[in-house]
Amino acid sequence: MRPRHLLLTFLVVLAAAPLAHAQYKWRDANGRMVYSDMPPPASVRPSDVLATPARSPLANAPSGSGEPAKSSASTGSSTPAASGDASNESIRKAALSPADKELEFRKRRQERLDAEAKQMKAEANARTQQAQCAEARNGLRSLERGMPVSMVNERGEPQLLDESQRKSRIDALRQSLQDSCRNAQSASAS
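Here is the structure:
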């Protein structure tokens, strides 16, 4: 190999060396030193992170976020006090290490997921309650119209309701509709 090619190969390897070595250094829960080119997991306290990579344009966004870094101009505040708060926030975010940015990103993502799960659970509960109320209304209509209704007795046999059982069942359904279904209607309206 020519000396010129050898020198060129050496310079390429030398230029790539900083990119190839581990850039993050932290202590894990057992006190062992961990070296990695990936940010530490969210369970690692920021005080346990001992070294982070040098600042680069790519270090501004948390790794794996899939979201572009937001500029401070996108805050959209028009009042002087709010714009001062926004600039202080952007200065604080710029001063954070990449590991801290990753922790903040993970925290925001978990909060968003928790809020979405809570909303989905509330919507599912509302749908279930509406279905139960509709079923109770249909049952009440059937009882009030005098249609023959049978219930299964303790032996597992169908048994027609007599008038006293029908009246007590009607009263129970009316009370249930009054208590739970009006609450469901007012909750779904708001």
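Using numbering that gives the first Met the number 0, read the sequence shown as starting at 0 and increasing by one per residue. For glycine and all other residues, C-beta sits at the position ideal for the given N, C-alpha and C.
In this structure E101 is in contact with P38, their Cβ atoms being roughly 4 Å apart against a cut-off of 8 Å. Nearest C-alpha to A125 among C180, W25 and R173: C180. Its chain contains no residue whose beta carbon lies nearer than 8 Å to that of A133 once the 5 sequence neighbours on both sides are disregarded. Inside the region 155-182, DSSP marks whole alpha helix (DSSP H) runs of 4 or more residues at positions 162-175, from first to last along the chain. In this structure, DSSP gives S35 an extended state, which the three-state scheme calls strand. Residue burial annotation: P147 is exposed, with fewer than 16 other C-beta atoms found within 10 angstroms of its C-beta. Contact between R107 and A41 does not hold, since their C-beta atoms are separated by about 12 Å, which reaches or exceeds 8 Å. In the three-state scheme derived from DSSP, where H, G and I count as helix and E and B as strand, A50 is classed as strand.
Membership of R26 in the beta strand (DSSP E) is indicated by the continuous run Y23 to R26. Under DSSP, the beta-bridge partners assigned to S149 are L159.
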